[in-house]
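I have placed the structure first, in the form of structure tokens, so that the comments after it can refer back to it.
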Amino acid sequence: MLLPMDSIPPQDMTRIRKGNIKVLREDWIRVASDLLISKGIDHVKIQNIGKKLNVSRSSFYGYFNDQNDLHNALLDEWHNRNTVNLIAETTTVCATITEAVLRVFRCAVNSARFDIPMDFAIRDWARKSPVIARRVIASDTNRINALTAMFERYGYSLMEAETRARVIYFMQTGYNDAVIKEDMIKRLTLTPYYVQIFTGQTASQSELDAFTDYVASVNNS
Numbered sequence: 013m014l015l016p017m018d019s020i021p022p023q024d025m026t027r028i029r030k031g032n033i034k035v036l037r038e039d040w041i042r043v044a045s046d047l048l049i050s051k052g053i054d055h056v057k058i059q060n061i062g063k064k065l066n067v068s069r070s071s072f073y074g075y076f077n078d079q080n081d082l083h084n085a086l087l088d089e090w091h092n093r094n095t096v097n098l099i100a101e102t103t104t105v106c107a108t109i110t111e112a113v114l115r116v117f118r119c120a121v122n123s124a125r126f127d128i129p130m131d132f133a134i135r136d137w138a139r140k141s142p143v144i145a146r147r148v149i150a151s152d153t154n155r156i157n158a159l160t161a162m163f164e165r166y167g168y169s170l171m172e173a174e175t176r177a178r179v180i181y182f183m184q185t186g187y188n189d190a191v192i193k194e195d196m197i198k199r200l201t202l203t204p205y206y207v208q209i210f211t212g213q214t215a216s217q218s219e220l221d222a223f224t225d226y227v228a229s230v231n232n233s
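Heads up, the sequence shown stops at 233 in the working numbering, and the numbers go up one at a time, no gaps.
See below:
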């Protein structure tokens with residue numbers, strides 16, 4: 013029978029933290045993420061994760077102080093994969109706004125650059141927690157601000173840049189939320205029209221070909 017962690021002497025806690033551990037910190041975060049996406053935050057429990065990893069609770073405490081520490085690690089993972097990657101795409105130097113928007117589109121087709129299920133799992137968590145809700149609002153604001161700045165760099169006025177940024181962002185958010193089943197051929201066919209609606213300009217064939225090649229590379233990886 014495992015003892016509660018608060019009943020373990022400090023010297024034993026030190027041994028646990030420095031001892032041989034069967035799994036890595038990233039494994040705990042990975043399984044926690046899977047549970048968050050598939051079942052929600054209420055199921056992200058130390059015991060549940062430990063069972064899936066086939067390890068005792070002592071492994072957890074070798075990497076985290078408590079469950080709240082794990083929650084913060086999940087939020088950091090979400091921020092780094094989704095918000096940081098999206099903002100990075102908006103700052104890529106491109107010759108035209110149409111090329112810049114197609115760079116942002118890369119996040120929609122590459123789960124390594126933007127984890128859509130994780131994004132919605134965090135939003136569902138935010139409905140239950142004012143603290144998480146504030147994190148989501150801050151993230152949305154940062155993403156929209158980055159998109160706005162991107163449009164401004166290509167000569168759009170602040171109001172037009174912000175409006176176009178919000179249209180792109182909320183359209184994509186709603187698109188994902190609707191769980192639209194659309195094959196990639198259909199999406200690629202519509203891409204030039206999306207770009208024209210979002211920017212008011214027509215993407216060149218070379219820009220569209222570059223995006224198509226990127227999608228193919230992602231699907232083949």
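Each residue gets a CB set at the ideal place from its N, CA and C atoms; glycine is no exception.
Looking at Thr104: is its Cβ nearer than 8 Å to the Cβ of Arg115? yes
Buried/exposed call for Tyr205, threshold 16 Cβ in 10 Å: exposed
For Ala215, which residues of its own chain have a beta-carbon under 7 Å away from its beta-carbon, when the five flanking residues on both sides are left out? Thr110, Leu114, Pro204 and Val207
Helix, strand or coil at Arg118 [DSSP, three-state]: helix
Among residues of its own chain, excluding the 5 on either side of Leu220, which ones have a beta-carbon nearer than 7 Å to its beta-carbon? Thr203 and Pro204
By Cβ distance below 7 Å, which residues in the same chain neighbour Tyr226 in space, the five residues on each side in sequence not counted? Taken in chain order, the residues that qualify are Arg118.
CA-to-CA distance, Arg147 to Met231, given in whole angstroms: In the sequence under discussion, the amino acid at residue 231 is Asn, which differs from the Met named in the question. Distance between the alpha carbons of Asn231 and Arg147: 32 Å.
By Cβ distance, which residues of its chain are closer than 8 Å to Gln217, with the 5 residues on each side in sequence left out? none
Does the segment 41–61 come within contact of the segment 79–91, defined as at least 3 CB pairs closer than 8 Å? Yes, the segment 41–61 is in contact with the segment 79–91.
Fully enclosed by the segment 148–204, which alpha helix (DSSP H) runs are 4 residues long or longer? 170–189
Do you know offhand how far Ser141's Cα is from Ile134's? Put simply, the backbone Cα of Ser141 is about 10 Å away from that of Ile134.
Taking all protein chains shown into account, do 16 or more other C-beta atoms lie within 10 angstroms of the C-beta of Arg176, making it buried, or fewer, making it exposed? buried
Return the chain-ordered list of same chain residues with a C-beta closer than 7 Å to the C-beta of Pro22, the five sequence neighbours on each side being excluded. Any reading at Pro22 must be qualified, since the residue scores a pLDDT of 48, below 50, and its modelled position is unreliable; no value is offered.
For Phe72, which residues from the same chain have a beta carbon less than 7 Å from its beta carbon, with the 5 sequence-adjacent residues on both sides left out? Excluding sequence neighbours, Phe72 sits near Trp40, Ile58 and Gly62.
Measuring straight from C-alpha to C-alpha, what distance separates Asp152 and Ala124? 19 Å
Just the C-alpha distance for Val43 and Gly167, rounded to the nearest angstrom, thanks. 45 Å
Do Leu47 and Val35 have their C-beta atoms within less than 8 Å of each other? No. Outside cutoff.
Once DSSP output is grouped into helix, strand and coil, what is the label at Tyr226? In the structure shown, Tyr226 sits in a helix (DSSP, three-state: H, G or I).
Using only the alpha-carbon positions, how far apart do Ala171 and Lys198 sit? The amino acid occupying residue 171 in the given sequence is Met; Ala does not appear at that position. Using only the alpha carbons, I get a separation of about 32 Å.
Taking the alpha helix (DSSP H) that His83 belongs to, which residues open and close that run? Gln79 to Trp90
Just reading off the alpha helix (DSSP H) that Leu98 is part of, what are its end residues? Val96 to Thr102
Three-state secondary structure assigned by DSSP to Ser123: coil
Identify the continuous alpha helix (DSSP H) that holds Arg69 and give its terminal residues. Arg69 to Phe72
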